[in-house]
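In our numbering, the protein residues as written are 346 to 686. Even for Gly, the Cβ is constructed at its ideal location relative to N, Cα and C. Notes follow once the structure below has been shown.
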Amino acid sequence: MSEATSEPNQVAQDASPAAHASSQLQRATQLAQALRQELHKAIIGQQDVVDGVLTALIAGGHVLVEGVPGLGKTLLVRALARCFGGEFSRIQFTPDLMPSDITGHAVYDMTSEQFKLRKGPVFTNLLLADEINRAPAKTQAALLEVMQERQVTLEGRALAALQPFLVMATQNPIEQEGTYPLPEAELDRFMLMLRMDYPLAEEELELVRQVTRSARTDILDVSGLRVLLQAKDVQALQKIASDLPLDEQVLDYAVRLARSTRDWPGLVLGAGPRASIALVRCARARALLRGGTFVTPDDVKGCALAVLRHRVRLSPETDIEGVSVDQLLRQLLDQVAAPRL
Numbered sequence: 346m347s348e349a350t351s352e353p354n355q356v357a358q359d360a361s362p363a364a365h366a367s368s369q370l371q372r373a374t375q376l377a378q379a380l381r382q383e384l385h386k387a388i389i390g391q392q393d394v395v396d397g398v399l400t401a402l403i404a405g406g407h408v409l410v411e412g413v414p415g416l417g418k419t420l421l422v423r424a425l426a427r428c429f430g431g432e433f434s435r436i437q438f439t440p441d442l443m444p445s446d447i448t449g450h451a452v453y454d455m456t457s458e459q460f461k462l463r464k465g466p467v468f469t470n471l472l473l474a475d476e477i478n479r480a481p482a483k484t485q486a487a488l489l490e491v492m493q494e495r496q497v498t499l500e501g502r503a504l505a506a507l508q509p510f511l512v513m514a515t516q517n518p519i520e521q522e523g524t525y526p527l528p529e530a531e532l533d534r535f536m537l538m539l540r541m542d543y544p545l546a547e548e549e550l551e552l553v554r555q556v557t558r559s560a561r562t563d564i565l566d567v568s569g570l571r572v573l574l575q576a577k578d579v580q581a582l583q584k585i586a587s588d589l590p591l592d593e594q595v596l597d598y599a600v601r602l603a604r605s606t607r608d609w610p611g612l613v614l615g616a617g618p619r620a621s622i623a624l625v626r627c628a629r630a631r632a633l634l635r636g637g638t639f640v641t642p643d644d645v646k647g648c649a650l651a652v653l654r655h656r657v658r659l660s661p662e663t664d665i666e667g668v669s670v671d672q673l674l675r676q677l678l679d680q681v682a683a684p685r686l
């Protein structure tokens with residue numbers, strides 16, 4: 346009798362960790378989906394861009410949002426900051442912005458007769474780098490260290506950034522005067538590059554309807570959004586996503602996609618290993634966001650354009666023919682075989 350009763354107890358003990366992990370994953374997915382719904386109270390349409398920003402948040406990567414003026418790029422980041430209980434800073438990039446305006450600098454204190462470090466706005470959880478391509482290269486470079494190493498060196502001291510730390514930058518792709526293209530080294534540090542396009546007709550109708558009801562000129566109000574997660578919740582989401590099962594074939598598929606860009610016809614610059622890593626991390630985040638219990642090839646494929654488009658360069662001949670980076674990458678995605686699980 347004792348043997349018969351001990352076996353179910355052992356099974357229950359073995360099942361407990363799995364059940365706990367499943368419960369955690371379910372709660373994490375519910376939180377991520379609730380955050381998505383809350384953001385859509387301020388953002389009309391733009392489903393792919395909102396999901397892309399959430400993917401970057403869960404994957405722990407930086408995101409660059411590109412689009413013409415007036416589409417809501419800054420509004421999206423402000424809405425996310427409103428739903429987030431951690432630290433938020435905004436830097437408006439301008440041609441006269443200095444690196445010390447971002448990282449901080451030493452200030453002489455008359456009372457103590459010593460230099461004291463004054464930390465810049467980069468010491469935060471969520472950093473909005475608005476119109477990042479309006480600042481010159483030396484100012485853009487002030488973000489390189491903290492984006493990659495999560496630390497800032499000030500006066501010879503390495504100061505750790507807050508955790509989690511995410512840079513969400515915006516840029517206008519059509520304006521040339523007074524802008525400075527981001528160098529490849531900085532572009533590569535952005536996990537995702539999202540393109541915000543014009544809204545659909547019905548979405549624009551709803552947008553105009555909502556904005557014109559408000560007395561606040563031409564912007565949507567984010568003050569009514571609820572705070573749904575704290576810094577520790579973001580870290581928990583990132584940990585749960587990183588533990589999602591990933592089949593070796595799916596891992597191989599992600600690496601093959603990135604490697605294929607290096608010798609693909611029409612490209613003179615392919616994506617590096619950082620792209621392979623980003624594909625896997627983003628695929629795990631997308632799986633969590635959709636409520637999946639493991640990562641599928643579609644999760645990898647779904648984030649491939651945003652991961653790769655800013656890491657490759659068209660050849661001059663392809664550019665002259667009028668083929669866009671996204672068109673070429675879609676051809677690549679169609680031709681690189683995905684595993685069948």
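With fewer than 16 other beta carbons inside 10 angstroms of its own, residue 665 counts as exposed.
The residue from 378, 372, 393 with its alpha-carbon nearest to that of residue 544 is 393. In the three-state DSSP reduction, residue 575 falls in the coil class, being neither helix nor strand.
Residue 397: member of the alpha helix (DSSP H) spanning 392 to 404, first to last residue. Here residue 436 carries a strand assignment [DSSP, helix/strand/coil]. The segment 400 to 407 makes contact with the segment 617 to 630: 3 or more CB pairs, one atom from each, lie closer than 8 Å. Where residue 647 is concerned, the enclosing alpha helix (DSSP H) starts and stops at 642 to 653. Sorting 428, 477, 421 by C-alpha distance to the C-alpha of residue 437 places 477 at the top. Counting only unbroken stretches of 4 or more residues, the alpha helix (DSSP H) elements lying wholly within the segment 422 to 492 are 445 to 448, 482 to 485, in sequence order. For the set 456, 535, 640, 676, the Cα lying nearest the Cα of residue 685 is the one of 640. Shown here for residue 647: same chain residues with a beta carbon closer than 6 Å to its own, the five before and five after excluded, namely 631 in chain order. Closest option to residue 391, judged by alpha-carbon separation, among 471, 366, 470, 547: 547. Note on geometry: alpha-carbon atoms of residue 514 and residue 398 lie some 11 Å from one another. Of the candidates 500, 511, 668, 500 places its Cα closest to the Cα of residue 461. Between the segment 414 to 422 and the segment 586 to 597 there are fewer than three inter-stretch CB-CB distances shorter than 8 Å, so the stretches are not counted as touching. Within its own chain, the residues whose Cβ lies closer than 7 Å to the Cβ of residue 540, once the five positions on either side in sequence are excluded, are 411, 412, listed in chain order.
As a beta-bridge residue in DSSP terms, residue 658 pairs with 614. Residue 496: member of the beta strand (DSSP E) spanning 496 to 499, first to last residue.
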